[in-house]
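Below is one structure, written out as structure tokens; the observations come after it.
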Amino acid sequence: MNTLFFVLLGSPGSGKGTQAEFLKKKGFLHLSTGEILRAEIKGGTELGKKSKTFIDKGELVPDDLINAMTLELLDKKEGDSILLDGYPRSLVQAEALDFFLDNKGRKLDGVLYLDLSVEESKKRLAGRYFCPACKKNYNIFFSPPKEASLCDSCRIALVQRSDDREDVVAERIGVYFNSTLPLVDYYERKKKLIRIPASLSPEDVSKKIGSVLENGRFEKK
Ligand code: AMP
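With my numbering applied, the sequence shown covers 3 to 223.
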């Protein structure tokens, strides 16, 4: 495929991680700012230390730190089809990304917006667990393990992401609706928004994304 540049936008719990896996199989390089930050924290880097205080509270890491980290990385990934996941998350970040792409003569092909209600987002996050060994994701409501709390393959106890705890979830959802939701209007005005109902099953959401890619709907201005 020609190189493409997509943003994956949606509330926490809207299924971005699952659809990113689908898009990786289609040849996209998946850049998740949340995953990159968690690796920085694990590695004990300066950026990790600065970010941890915000992440633990469910707040956004300041725009200047995130813009520097993400745009530096994008600069090195010119020949790849990119799927940006978790970035941009504020208007300041969206404008920084536009400025960067304009400067580099690159273009944003589309924004895949996984549209999900607040109630459903909260419910999904509260049920989200993963295997600390193989990283497989489960949801106790929608895709439970065969045996309660145990990974189907590794047979070890599943854990919750520290920011999926109920108090932090409420904050993350609030931040999403205040800071990130305005991006829906922003990209709609730019005719980049591709709205996908995220309440469908993960397979049906993937089918919709697949047909967007096949039909090149995003090419139309
Ligand atoms: P995620 O895995 O995408 O849900 O991100 C986990 C956490 O990392 C978020 O709750 C934020 O604290 C932080 N984070 C990730 N991406 C960004 C971003 N683009 N801007 C600010 N903070 C971010």
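Each residue gets a CB set at the ideal place from its N, CA and C atoms; glycine is no exception.
Just to confirm the assignment, what range does the beta strand (DSSP E) spanning residue i have?
i: Leu183; result: Neither: Leu183 is in no beta strand (DSSP E) and is coded neither H nor E.
i: Leu62; result: Segment: none, Leu62 is in no beta strand (DSSP E) and carries neither H nor E.
i: Pro199; result: 195-199
What residue does the alpha helix (DSSP H) around residue i start on, and which one ends it?
i: Pro204; result: 204-217
i: Ser92; result: From DSSP, Ser92 is part of no alpha helix (DSSP H); its letter is neither H nor E.
i: Gly19; result: 18-27
i: Ala172; result: 168-177
So who's on the other strand from residue i, going by DSSP bridges?
i: Asp82; result: Looking at the DSSP assignment, Asp82 forms no beta bridge with any residue, so it has no partner.
i: Phe8; result: Leu85, Gly112
i: Leu31; result: Ile84
i: Ile57; result: In DSSP, Ile57 forms no bridge with anything.
Between residue i and residue j, which are expected to be in contact by the criterion C-beta below 8 Å, what is the C-beta distance as a whole number of angstroms?
i: Val177; j: Gly60; result: 6 Å
i: Leu10; j: Leu86; result: 7 Å
i: Asp65; j: Ser92; result: 6 Å
i: Thr5; j: Gly81; result: 7 Å
i: Ala200; j: Ser16; result: 4 Å
i: Phe30; j: Leu110; result: The Cβ separation is near 14 Å, so there is no contact.
i: Gly155; j: Lys137; result: One detail in the question is off: residue 155 reads as Ser in this sequence, not Gly. Wrong, their Cβ atoms sit about 11 Å apart, outside the cutoff.
i: Ser123; j: Pro204; result: Incorrect: roughly 15 Å between the Cβ atoms, too far for contact.
i: His32; j: Ala22; result: 5 Å
i: Ile68; j: Val120; result: No, Ile68 and Val120 are not in contact; Cβ-Cβ is about 24 Å, not under 8 Å.
i: Pro90; j: Leu195; result: About 13 Å separates the two Cβ atoms, so there is no contact after all.
i: Asp58; j: Asp165; result: 7 Å
Considering only residues of the stretch 112-166, which uninterrupted alpha helix (DSSP H) runs meet the minimum length of 4 residues and lie entirely inside it, listed in chain order?
-> 120-128
Would you check if there are 3 or more beta carbon pairs closer than 8 Å linking the stretch 89-97 to the stretch 140-150?
-> Between the stretch 89-97 and the stretch 140-150, the count of Cβ pairs shorter than 8 Å is below three; the stretches do not touch.
Inspect the CB distances between the stretch 107-118 and the stretch 129-136 and report whether three or more fall short of 8 Å.
-> The stretch 107-118, when compared against the stretch 129-136, does not touch it at the 8 Å Cβ threshold.
Are at least three pairs of beta-carbons, each pair with one atom in the stretch 189-209 and one in the stretch 148-166, less than 8 Å apart?
-> Counting C-beta pairs with one atom in each stretch, the stretch 189-209 and the stretch 148-166 have fewer than three that are closer than 8 Å, which means they do not touch.
Is the stretch 43-51 touching the stretch 72-83, taking contact as three or more C-beta pairs under 8 Å?
-> no
Below 8 Å, can you find three or more Cβ-Cβ pairs linking the stretch 104-112 to the stretch 50-59?
-> no
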